[in-house]
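First comes the structure, then the notes that go with it.
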Amino acid sequence: MLEQVSWIYRRPAEDGIRIIFDNDVAFFPIPQDLFVCDVCNAEIDFRPVPVITGYAYCAECCRQYFGFDPRNEHPEQIEVK
Ligand SMILES: [Zn+2]
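Each residue of the sequence shown is one higher than the one before, starting from 1233 at the first, in our numbering.
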């Protein structure tokens, strides 16, 4: 199946952690330039960051699961099994 790859430089400002108490919500924003691999939790230190089916991938996981190096290649679609 072909999947779209989004290449992003910054996360949306509304990304963050919301903790709900009784009737109150505490919001802790995540820095817009901080990206962590959704598979292995490694910090992603290159830009743009590949996002595939809603998940950010580091270079190592991209190579392992999708067979491309996001530091050098920026495909718009990839084959996902
Ligand atoms: Zn990873």
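Glycine included, each C-beta is placed from N, C-alpha and C at the ideal position.
- Classified as exposed, residue 1258 has fewer than 16 neighbouring CB atoms from the shown chains inside 10 Å of its CB.
- Just measuring C-alpha positions, the residue of 1286, 1285 and 1294 sitting nearest residue 1278 is 1294.
- Distance from the C-beta of residue 1292 to the nearest heavy atom of ligand 1 is below 7 Å.
- Buried is the label assigned to residue 1290, since at least 16 other Cβ atoms lie within 10 Å of its Cβ.
- Rounded to the nearest whole angstrom, the C-alpha separation of residue 1311 and residue 1245 is 30 Å.
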